[in-house]
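**Student:**
Protein chains: 2
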Amino acid sequence: MKNIIIASTSTIHGSDYLEYMLDELSTFFKDAKTILFIPYARPSGISHNEYTKKAATAFAEIDKKVVGIHTFKNPIEAIKNAEAIFTGGGNTFVLVNQLYKNNLITTLKETVTNGTPYLGTSAGSNICGLTIKTSNDMPIVYPPSFNTLGFVPFNINPHYLDPNTNSKHMGETRETRIKEFHSYNTPPVIGLREGSWLRVNGDSILLKGKLKARVFEYNKTPYEVESGFQLNHLK
Amino acid sequence: MKNIIIASTSTIHGSDYLEYMLDELSTFFKDAKTILFIPYARPSGISHNEYTKKAATAFAEIDKKVVGIHTFKNPIEAIKNAEAIFTGGGNTFVLVNQLYKNNLITTLKETVTNGTPYLGTSAGSNICGLTIKTSNDMPIVYPPSFNTLGFVPFNINPHYLDPNTNSKHMGETRETRIKEFHSYNTPPVIGLREGSWLRVNGDSILLKGKLKARVFEYNKTPYEVESGFQLNHLK
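From first to last, the protein sequence lines stand for chains A and B. According to our numbering, the first sequence holds residues 1 to 235 in order. According to our numbering, the second sequence holds residues 236 to 470 in order.
Right under this line is the structure:
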């Protein structure tokens with residue numbers, strides 16, 4: 001049975017790394033002593049070791065040990081044997097490229113579908129959707145595919161940002177970009193604002209956190225849903 | 236001899252489509268009666284016809300006819316025979332995908348390198364660089380490659396945006412994203428602010444417009460260059 005948290009961000013403004021959801025994570029990871037960390041997204045290009053240290057510091061607060069998948073000779077076995085898995089944010093293209101390069105997509109999909117608890121933040125959440133076609137990141141590497149894990153039957157847009165009505169910048173708003181996605185693709189997209197997450201439990205997909213989320217369905221006007229809303233009807 | 240304008244944007248705030256550079260374009264396209272328009276980037280998913288109409292309206296102001304490449308049975312021949320070419324903005328991934336699908340990359344590269352005047356705005360400028368790995372767009376389709384025309388020996392970041400120091404949003408700034416690009420790639424990147432363009436004339440690459448541009452070189456602190464600056468030393 002799937003047991004997943006898909007978070008918009010690791011960090012909210014004015015708060016430490018993962019701090020805003022440590023209570024939730026303490027419950028979520030209650031049966032795990034050690035968390036397997038996937039640091040492949042390398043925010044700002046930091047090393048796998050540095051990034052793992054950052055995650056370890058945060059999880060030490062709730063007495064969890066963190067080990068980086070890059071320290072294992074066989075990363076496929078590391079995923080299969082993990083008590084719990086956390087994929088951190090950074091660059092989604094770099095993350096997906098590395099997952100494909102190490103042949104981890106299928107194993108990760110099977111392992112998490114079979115019940116190993118999985119936490120994703122930002123890029124680590126993007127890959128929980130059907131594709132990374134609604135990522136906000138710069139395409140700094142060319143991955144073998146944009147297809148990802150499909151833990152939920154839609155796409156995620158993390159760090160969802162409302163239009164800045166004062167801006168004189170002519171670049172597209174996030175909403176415009178997601179509408180463009182629907183010129184070429186039909187799956188729904190959930191715009192998750194920073195501080196929101198999806199709690200997947202078997203077939204249930206609940207919106208959690210204090211904020212609303214914005215739902216974009218093909219050929220429909222986008223709409224808001226409240227925290228606590230059940231999203232498993234979307235497809 | 237290359238004869239190219241690489242513009243950050245088609246439109247600046249409070250002004251009509253292409254209006255801000257019509258004087259420049261009037262001179263640039265002085266020997267062409269008809270401009271071949273490549274509407275493949277389809278901003279907001281509008282049709283090729285609608286987009287071509289928009290370009291035609293703007294160019295009517297300076298007495299130029301505009302024809303869309305999608306109206307030709309043989310788009311390769313259309314490029315070879317064009318008096319001048321304009322590729323408009325929209326989604327860079329959609330644009331590149333369509334150029335590859337129609338086998339136009341090589342022909343476009345050869346034709347423009349041999350002297351057919353080329354104007355690019357936004358996505359149409361991104362493809363003038365080595366790759367689209369510094370595009371700001373959402374990756375809504377998966378193109379066969381991120382490699383592009385290489386009219387200049389570096390990458391373009393159009394719609395370059397300075398960090399908003401008041402923002403509480405935790406998504407990456409443009410500068411952070413370009414620095415991440417340099418964790419995996421070495422070519423320079425030119426951050427072109429809206430209202431700036433590069434004027435390529437043979438081996439000369441001049442920054443034009445009223446604004447400075449931001450230059451990101453591998454392993455160097457980013458720096459600003461003034462309008463009129465010669466960029467052909469970069470590689």
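Glycine is no exception: its CB is placed at the ideal position from the N, C-alpha and C atoms.
(1) What residues from the region 356 to 375 of chain B come within 9 Å of chain A, judged by C-beta to C-beta, listed N to C?
(2) Which one of B:ASP258, B:VAL435 and B:THR292 has the shortest CA to CA distance from B:PHE272?
(3) Would you call the CB atoms of B:LYS299 and B:PHE321 closer than 7 Å?
(4) Please report whether the beta-carbon of A:SER196 lies at a distance below 7 Å from any beta-carbon of chain B.
(5) What does B:GLY359 pair with, by DSSP beta-bridge criteria?
(6) Based on the DSSP output, what are the partners of A:TYR223 in its beta bridges?
(7) Say whether chain B places a C-beta atom closer than 7 Å to the C-beta of A:ARG193.
(8) Give, in chain order, every residue of the region 169 to 185 of chain A whose Cβ lies closer than 7 Å to some Cβ of chain B.
(9) According to the neighbour-count rule (16 or more other Cβ atoms, all chains shown, within 10 Å of its Cβ), is A:THR148 buried or exposed?
(10) For the pair the region 309 to 318 of chain B and the region 367 to 386 of chain B, tell me if three or more CB-CB distances fall below 8 Å.
(11) Count the CB pairs spanning the region 169 to 176 of chain A and the region 359 to 367 of chain B that are closer than 8 Å, and state whether there are at least three.
(12) Could you give the distance in angstroms between the alpha-carbon of B:ASP438 and the alpha-carbon of B:LYS237?
(13) Grab me the residues of A:THR9's own chain with a C-beta within less than 8 Å of its C-beta, minus the 5 sequence neighbours each way, in chain order.
(14) Please tell me whether A:PHE241 has its Cβ less than 7 Å away from any Cβ of chain B.
(15) Let me confirm a value: A:HIS233 is counted as buried when at least 16 other C-beta atoms fall within 10 Å, else exposed. Which label applies?
(16) With burial defined as no fewer than 16 other Cβ atoms inside 10 Å of the residue's Cβ, what is the status of B:GLN333: buried or exposed?
(17) May I have the straight-line CA-CA distance separating B:VAL302 from A:ALA55, to the nearest angstrom?
(18) Using a Cβ-Cβ distance under 7 Å, would A:GLY45 count as near chain B?
(19) Rounded to the nearest angstrom, how far is the Cβ of A:LEU192 from that of A:ILE156, given a contact under 8 Å?
(20) Using alpha carbons as the reference points, say which of B:LYS414, B:PHE386 and B:LEU330 lies closest to A:ASN91.
(21) Mark A:THR111 as exposed unless 16 or more other C-beta atoms lie within 10 angstroms of its C-beta, in which case mark it buried.
(22) Please state the DSSP three-state secondary structure of B:GLY303.
(23) Thinking just about the alpha-carbon of each residue, which of A:ASP162, A:GLU217 and A:ILE35 is nearest to the one in A:PHE154?
(24) Name the chain A residues whose beta carbon is nearer than 7 Å to that of B:ASN326?
(25) When the cut-off is 7 Å and only beta carbons count, does A:TYR142 lie next to chain B?
(26) Since A:GLY145 and B:TYR419 are thought to touch, with beta carbons under 8 Å apart, how far apart are those beta carbons, to the nearest angstrom?
(27) Going along chain B in order, which residues have a C-beta closer than 9 Å to the C-beta of A:HIS13?
(28) In this structure, does DSSP put A:LEU207 in helix, strand or coil?
(29) Drop a sphere of 10 angstroms on the beta-carbon of A:PRO163, count the other beta-carbons inside from all chains shown, and report buried for 16 or more, exposed for fewer.
(30) So, is the C-beta of A:LEU22 closer than 7 Å to a C-beta in chain B?
(31) For B:LEU396, which residues in chain A fall below 9 Å Cβ to Cβ?
(32) From the beta carbon of B:THR287, is the nearest beta carbon of chain A less than 7 Å away?
**Tutor:** Per the coordinate set shown:
(1) SER357, THR366, ILE367, LYS368, THR369, SER370, ASN371, ASP372, MET373, PRO374 and ILE375
(2) B:THR292
(3) no
(4) no
(5) For B:GLY359, which the question treats as bridged, DSSP gives no partner whatsoever.
(6) A:VAL215
(7) For A:ARG193, the answer is no, since every Cβ of chain B falls outside 7 Å of its Cβ.
(8) HIS169, MET170, GLY171, THR176, ARG177, LYS179, GLU180, PHE181, SER183, TYR184 and ASN185
(9) buried
(10) no
(11) No: fewer than three Cβ pairs fall under 8 Å.
(12) 8 Å
(13) GLY89, THR121, SER122, PRO158, HIS159, GLU194 and GLY195
(14) Outside the shown range of chain A, which is 1 to 235, sits residue 241 of chain A, and nothing can be said about it.
(15) With a threshold of 16 other beta carbon atoms within 10 Å, A:HIS233 falls short and is exposed.
(16) buried
(17) Cα atoms of B:VAL302 and A:ALA55: separation of roughly 55 Å, rounded to the nearest angstrom.
(18) yes
(19) At roughly 6 Å, the Cβ-Cβ gap stays under 8 Å, so A:LEU192 and A:ILE156 are in contact.
(20) B:LYS414
(21) buried
(22) strand
(23) A:GLU217
(24) GLU180
(25) yes
(26) Note that residue 145 of chain A is Ser in the sequence shown, not Gly. That belief does not hold up - the Cβ atoms of A:SER145 and B:TYR419 are roughly 18 Å apart, past 8 Å.
(27) SER402, LYS403, HIS404 and MET405
(28) strand
(29) exposed
(30) No, A:LEU22 does not count as interfacial toward chain B.
(31) Chain A residues near B:LEU396: HIS169 and GLY171.
(32) no
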